[in-house]
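Chemist: Below is the structure I would like to discuss, written out as structure tokens.
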Amino acid sequence: MSTFLIETSEEDSITAVAGQISELLNEGQEKTALAETPGSIFLKQCTTLAAENRNAELLEIFLKHVETVFNLVSGKDLDCILLVICNLVPKLPVDQQETAVAKSVSSLIGSSGDKKLACLTALVELYNVTFDPTARFSVLIEIIKFARESGLQGEVGPIVKGKASDWAKEWKLSTEDTRKLFLETASLLKALKTKAADQEAFELRVKCLATYEGAPEAEVSSVRAVAAEAAVQFIQSMDIFKCDLCEMSALKQLESDPERHGVFQLLTTMVSGDVKGLQSQASDFAGVLASCGVSMEDAVVKTRLMALLSLGSEQGPASPVAYEEVRERLQVADEEVEQWVVMAIGRKLVDAKINQPERRVQITRCLQRSFGPAQWVQLKSQLEAWRANLAGVSEVVSASQAQALGMQA
1 MSTFLIETSE
11 EDSITAVAGQ
21 ISELLNEGQE
31 KTALAETPGS
41 IFLKQCTTLA
51 AENRNAELLE
61 IFLKHVETVF
71 NLVSGKDLDC
81 ILLVICNLVP
91 KLPVDQQETA
101 VAKSVSSLIG
111 SSGDKKLACL
121 TALVELYNVT
131 FDPTARFSVL
141 IEIIKFARES
151 GLQGEVGPIV
161 KGKASDWAKE
171 WKLSTEDTRK
181 LFLETASLLK
191 ALKTKAADQE
201 AFELRVKCLA
211 TYEGAPEAEV
221 SSVRAVAAEA
231 AVQFIQSMDI
241 FKCDLCEMSA
251 LKQLESDPER
261 HGVFQLLTTM
271 VSGDVKGLQS
281 QASDFAGVLA
291 SCGVSMEDAV
301 VKTRLMALLS
311 LGSEQGPASP
321 VAYEEVRERL
331 QVADEEVEQW
341 VVMAIGRKLV
351 DAKINQPERR
361 VQITRCLQRS
371 FGPAQWVQLK
381 SQLEAWRANL
391 AGVSEVVSAS
401 QAQALGMQA
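Encoded structure:
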């Protein structure tokens, strides 16, 4: 059997889709030689509108029958019809695209029924052919929400992963829209249930909460639930160890919130690496841990690792840490010190060398648990120390060169 490739124009595609829909509208109608049918009337309207380039009206008449298309067509035929309809949007003047996109999204989602993947494919196509930043943003938000609610987050995850911050800058989003983008993306990524996606979801929630610094109290109060979600996510995860939440006003308000006070106390205890405090208040934290789905044993493990990070940050790479100090800070037996350091190395939280004869640990690098004013002061101190060391090396080199030149003379 021979295969032929036939090029078709956009007008031909529109006419073909109009013809398909007209046939759907004629199903169940009695065939007569003279009387007009719903399908024939529809086809004439579409042909006239297409010929006169009245694309906004053409899009509107197509959208009126999208539900019929979803109900009666499936597979590639459905995808092709929706593709042609979506590609009418870029034919419109830019100032009309935002409204057209909103109507298209509403019609597609409202008519999709159980054909969720076909609808999602059409929404992604609509996003790809839309150039107005405001319209693109609105389509993207609907794509993210629809995918999550339909259980299709795996289809959209690769599209949005690592992009939210760049989109916010590229489209010059307002603070309100930036918050919406970060939170919707975070919810979708969290639903993927992978380590990398979970970490990015947490980071996006933190970025969102950071935009409330300096905002009016009523505005900050509106994100209590978001702050609590971020806190719980940190408590639950054995992969997230960086937490800039504790100094944020959005989180601090939870301290006086009767419902969320326990979450606040548990988070600050874990982030500070206060193992002794966690263990001494085990009964107080039992209810919060249970609601988070975290055992006391896992909470202690994470808090001990946070304590080691705290110790590494305080000492710096130039100062070895005695076993006794590690033991005291982590609240472990003397013979367990090395295994906890090895665990932290294995999780890539620290780079360290264990000096068994001298019973010391040299922590050369550690993950910063948070980066606030105290860390900036510490970084400044380290940079000044490095500058002084480099100056000393430079003086030694200069002296050696001068001595060598003197000997040659």
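Residue 322 in the UniProt record's numbering sits at position 322 of the sequence shown, and the numbers go up by one each step. Ideal placement from N, C-alpha and C gives every residue a C-beta, glycine not left out.
#1: Leaving out five residues on either side along the sequence, give the residues of the same chain with a beta carbon under 6 angstroms from the beta carbon of arginine 327.
#2: From aspartate 12 to threonine 47, what does the alpha carbon distance come to, in whole angstroms?
#3: Compute the beta-carbon to beta-carbon distance between isoleucine 240 and glutamine 199, rounded to the nearest angstrom, for a pair I have assumed lies under 8 angstroms.
#4: Should the stretch 285-298 be regarded as contacting the stretch 249-267, the criterion being three or more beta carbon pairs within less than 8 angstroms?
#5: Just confirm the distance between the C-beta atoms of proline 320 and asparagine 355, as a whole number of angstroms; I'd bet it's less than 8 angstroms.
#6: Do alanine 191 and glutamine 153 have their CB atoms nearer than 8 angstroms?
#7: What span of residues does the beta strand (DSSP E) with arginine 360 cover, start to end?
#8: Near valine 300, what residues of its chain come up, given a Cβ to Cβ distance below 8 angstroms and the 5 sequence neighbours on each side ignored?
#9: Using 8 angstroms as the cut-off, can you tell me whether the stretch 109-119 makes contact with the stretch 128-137, which would need three or more C-beta pairs spanning the two stretches below that distance?
#10: Taking DSSP as the reference, what is the three-state secondary structure of isoleucine 85?
#11: Going by Cα to Cα distance, which pick from Leu349, His65, Glu98 and Thr211 is closest to serine 17?
#12: If you follow the alpha helix (DSSP H) that lysine 353 is in, where does it begin and where does it stop?
#13: Can you give me the start and stop residues for the alpha helix (DSSP H) that asparagine 71 sits inside?
#14: Grab the span of the alpha helix (DSSP H) containing serine 106 for me, first residue to last.
#15: Name the two residues that bound the continuous alpha helix (DSSP H) containing methionine 248.
#16: If distances are taken between C-alpha atoms only, which option among Val350, Arg369 and Gln368 comes closest to glutamine 362?
#17: Where does alanine 215 fall in DSSP's three states?
#18: Is it right to say asparagine 55 is buried, meaning 16 or more other beta carbons lie within 10 angstroms of its own, or is it exposed?
#19: How would you label alanine 282, buried or exposed, when you count the other beta carbons within 10 angstroms and need 16 or more for buried?
#20: If we ignore side chains and look at the alpha-carbon of each, how far apart do valine 341 and methionine 238 end up?
#21: Is it the case that the Cβ atoms of leucine 173 and phenylalanine 137 are separated by a distance below 8 angstroms?
#22: Let me check one thing: in DSSP terms, what residues is alanine 322 bridge-paired to?
#23: Determine, using beta carbons only, whether methionine 306 and methionine 248 come nearer to each other than 8 angstroms.
#24: By DSSP, does phenylalanine 62 sit in helix, in strand, or in coil?
#25: Look at alanine 100 and leucine 92 and say whether their C-beta atoms are less than 8 angstroms apart.
#26: Starting from the C-beta of histidine 261, find all residues in its chain whose C-beta is less than 8 angstroms away, skip the five residues before and the five after it, and write them out in chain order.
#27: Inspect the CB distances between the stretch 37-52 and the stretch 68-83 and report whether three or more fall short of 8 angstroms.
Modeler: For this structure:
#1: Asp334 and Val337
#2: 10 angstroms
#3: 6 angstroms
#4: yes
#5: 7 angstroms
#6: yes
#7: 360-366
#8: Val275, Leu278 and Gln279
#9: no
#10: helix
#11: The residue you asked about is not serine; residue 17 is valine in the sequence shown. It is His65 whose Cα lies nearest to the Cα of valine 17.
#12: First-last for lysine 353: 350-355, but that is the beta strand (DSSP E), not the alpha helix (DSSP H).
#13: 66-72
#14: 94-111
#15: Where methionine 248 is concerned, there is no enclosing alpha helix (DSSP H), given that its DSSP letter is neither H nor E.
#16: Val350
#17: coil
#18: buried
#19: exposed
#20: 16 angstroms
#21: yes
#22: Arg360
#23: no
#24: helix
#25: yes
#26: Leu254 and Glu255
#27: no
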